[in-house]
Structures are given as structure tokens and as C-alpha cells.
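Undergrad: Quick one: the structure is below, and I'll ask about it shortly.
In C-alpha cells, the structure reads:
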């Protein structure tokens, strides 16, 4: 029952967003061609319109930040990430989360980005930390630290918390403020290992109790391979927010997902007068009962 | 991220149930005429058939224990609680939770009950503790302790935990084993006070960390007066189970509620091979997607 004690501020073309302390912040996950062929195809043809539609729809549905991922095999991310960042910032004013495994693509994205971005992500791998911590600090960007390293994903919460410690101490040493660090405990599919989600939840509780930094995660992977994915994702989001996640990467256009995040925020006392909850039902009376 | 370290065993006419450590146990809430006029009317006419239908339907839907409440204004609970207990035990073999504010009704129910019952409930009020702790001990029953007293419901988690301490120490002094004590943190409507659920969740976390006893609660009150009640109840159940609730009183025939409990159990690592989750979807493919 801890939550972030630090506040991360992100800025977009026309809006700033505060993570921590206030409402749960949804980072919209839909600008991502992985597993979505029509987006991958459009991107390959240089057609950005489908991505921009996803941008507008997610902001309309309540995303306060948008993740931008251009991971299509064969596509040069160093060229395309900045191109998509510029196009998205021309149509929505929320902050962006620049998402690429390639540090040079993130650097190229930052060169055109207007505002204070979130970079997704470094891991505890020293080679990545060497490149990404200074990059975030120089650009005044915030940085996601994924709790894995060159040796893989630790199978226990203790193992992941050791990686958290490595990332937090490295940021401290290099002058990246802890408020600009956002940790990601790693979410694996429970279908493969029914203890996997419990490890993630224990990791979240440990991060919240020890560091007080903001915490993100990509929720939907948890339900891969099982029936009732939306219900499982919704319950996982509630559990994860209850342990300390403040800015999940999720699909706000999915009613069950959006409502689970809003419900958890309300039940944890972060929705005064239930304004967001009631407002969401007024705007979308067709949502699930 | 604590859960009960103690195990409570209940026994019905033909089945015993273990609470704590294993799967989350749903105590079915539907044998309760409060706010359900057709049940109240049937009971007033001495017609038990509608109650027995509720009993069978809840066991079919996955309730491992049934709450039995005969609170109809004008109805003598001392006479009717044992009558209904006998009738319900004749049709289902799960343990029962005898639910009445009248100690003499609980005593009368225990006289006919076959097995090891759960009594719902004492509070921290000394006059109630004087009557109910010995009653539970003499009958070898388990006892719910509701965290309120003659002064009302404390508005803070600390206040409720002081009442928990009073109940736990009283049980200890009178020889009621801590494994036979189940605490209820009290659930109030968030519509009246948007901090109310957060106080309940913090109380649950405190009980789990301090005493390791099993924890119950009546979830559905939390959403009273708000839109989207089923979604809110589902998220609250996930949050509450995440903090340490092991045997919620809920409606297992409501798919969103049953699935939230099953999802939380799976995600907390208490559903090996996802057997319960997958089984529920196989039996009820018509549930929500």
C-alpha cells in the first residue's frame, strides 16, 4: 500500500503531465506496429495516417501520454522514429514516450521532440546505461529502467530489485534526478508460469517501498495465451496499481482496461468526488455495465 | 503483498473448506433478504424454496461457503436462523457462515448446525465480545470480527487496527485460536467519501502484516450510489485480495465478480496451471470476453 513519493513531469507540444501523487496516468500503447499488420504495412509504405488516427483516438479515450514505437523489421528506426514523433506532435499535444531498443533511434527522436519526453527504455545492462543515462540527462528527458540486463530477466523479485538498485545508483551518480527515473518490473505471461505475475507484483511493492520512484509496466502481456484476456488484464492493472504502479502502458480505448485503471484510482482515493469515474460513464454510457 | 499465514478450516454437512494459503474462498452473499423483497416475502410466508434455490445456484457458481442471513423486520431470528440453517444444510454440503446481529440467533443456529461454522459477527464492542468469543470457543466455531465498536466505525486505518488488536487479544485471552478468527475491515461507499476504500485497503494491509489472520469483507457496498457498480466491485475485489483478503463475501453468480476473484487468485500465484481460470471459461463460455 505504498505509492510513488516522487513526481515525474513530462511535457508535450502543448500539455504537461504529472505522474505520481495524482490520478493514475495511462501511457497509450497503440502506436506500435508489433503484431498489428495494418500499422506495419502503412509505416512501410510511409503512410502515417493510421498511426495518427491511433494517436487521436487514444488521447480522446483518456491517454495522458502516448508511447511511440516504430519497430517494423527492415525499417530504419533512426530515420523513422523522429519522423513519426514530429507527425504525432503535430496532431496531439500530450507528452510522448519514445520507445525503441536502439539508443540511436531514441537520440534521433529526442533531437526533434518538443518538450520533456520519456525514453523507453534502458535496462540494467551497463552498456545501455552508459549510453542512455547521459542521453536522458543531457536532454532533460525522463527514462524508463526495465528490470532486466544482459543476463536476462531475473525470476525472483529480489533479483529484479537488485537490478533496480543498479539503475537507481547509476542515475544518481550521473546526476539524473530520481524523479526522472521510472522503473518497469517486467511482465511475463502467467500461462507460461503461474507464479510470474506474483513476482512482478512483489517487485512493484519492493520498488514502491524502497525507492518511491514512479513505476510503469506493459500490462497486456500477462494474459497471453489464456482465455478472458480483457478481464485478466483489468484485474492485473488493479492489482499492479494497488501495489504502486503509477503510469501503466495500456490501451485506453479498451473499455475494460480504461475502467479498471479509473476504478483503481477511485478506490485508492485518487479521484476526488469520483469526478473522473462518473465523467467516464457520462461520456460513454455504452461501456460495460 | 502479504497474505494470511494462518489457516481457517470450516466444515459443512459433507465438505470442509480451508481458508488461507490456497485459492481465494468466495462466501456467497445471496441468502440475505436485505433489499431483496421477493426473498423477504417468501421468508415471511415460511416459504424457504427461493432461499434454497439461491443456495444451490451459488454453490454451482463456485461459492465454497454460504452466508445465511434472515434479517427481515418483524421476523424472529432466534426461531428462523436455525430453521433456515437446517434447510440449507439439507440441500448443500458446503460450510455456512451464520450471519446475524443477534447473538441469541447465532447461538440457536449453532445448536442445529452440522460441522464447524463461521459466525458473522462480533465487533470490538466489549458486550458483544463477552457473548460471542465464548460462544465460538464452546462450539468450536470460527468467528468474524468486524472492526467497529459501540463508538462506531473508525475513520482511519490506525483506528480500525486498534479495534483489531482488541479483538485479537480478547480471543487469545479466552482460548479462541487465532486460526479461528477472521477479521473484516469494514467497507463503506466511496460515493459518500472518496477516501473510504483506501482506508479499508490500508486496514487490510495492516491486518495481513501484523496478525496473519484470514480476512473477509462485503465488497459490494463500496460501489453504492455510483455508475458501473460491477466494474467497481470487480476492481475492489482485486485490490482487496492483493492486500490480503482471503475469503470475500460476494456474489459468485455475477460473472464480473466471480472472474475478478478468480483472476486475482491466478495473478497472485494461487491457481497452479491456471486450472480454475481455464475451467471457469470452459464451463461458462458465455461469460464476459
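Chains as they are written, first to last, in the numbering used here: chain W, 128 to 416; chain X, 128 to 416.
Don't be surprised by glycine CBs; every beta carbon is placed ideally from N, CA and C.
Quick caveat, the model's predicted, so the values are computed rather than measured.
1. Taking Cβ positions only, does residue 322(X) come closer than 9 Å to chain W?
2. With a threshold of 16 other CB atoms inside 10 Å of the CB of residue 157(X), please say whether the residue is buried or exposed.
3. Contact defined as beta carbons within less than 8 Å: I believe residue 107(X) pairs with residue 155(X). What is the distance between those atoms, to the nearest angstrom?
4. Put residue 273(W) into one of helix, strand or coil per three-state DSSP.
5. Based on the DSSP secondary-structure assignment, which residues constitute the bridge partners of residue 246(W)?
6. Would residue 280(X) and residue 255(X) be called neighbours here (beta carbons separated by less than 9 Å)?
7. Which residue or residues does DSSP assign as beta-bridge partners of residue 143(W)?
8. Looking at the secondary structure, which residues open and close the alpha helix (DSSP H) in which residue 186(X) lies?
9. What number of angstroms, rounded off, separates the C-alpha of residue 228(X) from the C-alpha of residue 163(X)?
10. Is the shortest distance between the beta-carbon of residue 410(X) and the beta-carbons of chain W less than 9 Å?
11. How would you label residue 297(W), buried or exposed, when you count the other beta carbons within 10 angstroms and need 16 or more for buried?
12. Which two residues bound the contiguous beta strand (DSSP E) that contains residue 158(X)?
13. Bridge partners for residue 198(X) per DSSP, in chain order?
14. Starting from residue 279(W), follow its DSSP beta bridges and name the residues at the other end.
15. How big is the Cα-Cα spacing for residue 321(W) and residue 329(W)?
16. Assuming residue 401(W) and residue 214(X) are in contact, meaning their beta carbons sit under 8 Å apart, how far apart are those beta carbons, in whole angstroms?
17. Apply the 10 Å Cβ neighbour rule to residue 138(X) and answer buried if 16 or more other Cβ atoms are within range, or exposed otherwise.
18. Starting from residue 311(X), trace the beta strand (DSSP E) in both directions and tell me its first and last residue.
19. Need the endpoints of the alpha helix (DSSP H) that residue 382(X) sits in, please.
20. Near residue 284(W), which residues of its chain fall below 6 Å by C-beta distance, leaving aside the five closest residues on each side in sequence?
21. For residue 366(X), which residues in the same chain have their Cβ closer than 7 Å to its Cβ, ignoring the five residues on either side in sequence?
22. In the structure shown, what three-state DSSP assignment does residue 192(X) receive?
23. Select from the stretch 372-406 of chain X all residues with a C-beta closer than 7 Å to any C-beta belonging to chain W, and list them in chain order.
24. Does the pairing of the stretch 257-267 of chain X with the stretch 303-311 of chain X give three or more beta-carbon distances under 8 Å?
25. Name the chain W residues whose beta carbon is nearer than 7 Å to that of residue 354(X)?
26. Is the beta carbon of residue 206(X) sitting closer than 9 Å to the one on residue 235(X)?
27. Hey, residue 397(X) and residue 149(X) are a contact pair by Cβ (cut 8 Å); roughly how many whole angstroms apart?
28. Helix, strand or coil: which one does DSSP assign to residue 369(W)?
29. Tell whether a beta-carbon distance below 9 Å holds between residue 244(W) and residue 268(W).
30. Using the three-state DSSP reduction, which class does residue 352(X) fall into: helix, strand or coil?
31. Let's see if you can read the secondary structure: which residues bound the alpha helix (DSSP H) around residue 231(W)?
32. Between residue 325(X) and chain W, is the shortest Cβ-Cβ distance under 9 Å, so that the two count as touching?
TA: Reading off the structure:
1. At a cut-off of 9 Å between beta-carbon atoms, residue 322(X) makes contact with chain W.
2. Looking at its Cβ environment, which holds 16 or more other Cβ atoms inside 10 Å, residue 157(X) is buried.
3. Here chain X has residues from 128 to 416 only, and residue 107(X) is not among them.
4. Residue state, collapsed to three classes: strand.
5. The secondary-structure analysis by DSSP pairs residue 246(W) across a beta bridge with 225(W) and 270(W).
6. No. Outside cutoff.
7. Its beta-bridge partners are 138(W).
8. Element bounds for residue 186(X): 176-187.
9. Looking at the two C-alpha atoms, the distance is approximately 18 Å.
10. Closer than 9 Å to the CB of residue 410(X) there is not a single CB belonging to chain W.
11. It counts as buried.
12. Where residue 158(X) is concerned, the enclosing beta strand (DSSP E) starts and stops at 154-158.
13. Residue pairing from DSSP leaves residue 198(X) without any beta-bridge partner.
14. DSSP, once it has assigned bridges, lists 276(W) as partnering residue 279(W).
15. So the alpha carbons of these two residues sit roughly 14 Å apart.
16. Not really, about 41 Å apart at Cβ, beyond 8 Å.
17. Its Cβ being crowded by 16 or more others within 10 Å, residue 138(X) is buried.
18. Run containing residue 311(X): 308-311, per the beta strand (DSSP E) assignment.
19. Unbroken alpha helix (DSSP H) run through residue 382(X): 382-394.
20. For residue 284(W), the CB contacts under 6 Å within the same chain, skipping 5 residues up- and downstream, are 326, 329, 330 and 333 in chain order.
21. For residue 366(X), the CB contacts under 7 Å within the same chain, skipping 5 residues up- and downstream, are 328 in chain order.
22. DSSP places residue 192(X) in strand when its eight states are reduced to three.
23. So the list reads 386, 387, 390, 391, 393, 394, 395, 396, 398, 399, 400, 401, 404 and 405, given in the order they occur along the chain.
24. Counting Cβ pairs under 8 Å, three or more are found: they touch.
25. The contacting residues are 405 and 408.
26. Yes, the pair counts as a contact, with Cβ atoms nearer than the cut-off.
27. About 6 Å separates the two Cβ atoms, so the contact holds.
28. For residue 369(W), the three-state secondary structure derived from DSSP is helix.
29. Closer than 9 Å, so yes.
30. Secondary structure of residue 352(X) (DSSP, three-state): coil.
31. Judged by DSSP secondary structure, residue 231(W) falls within the alpha helix (DSSP H) whose first and last residues are 230-239.
32. Yes, its Cβ sits closer than 9 Å to a Cβ of chain W.
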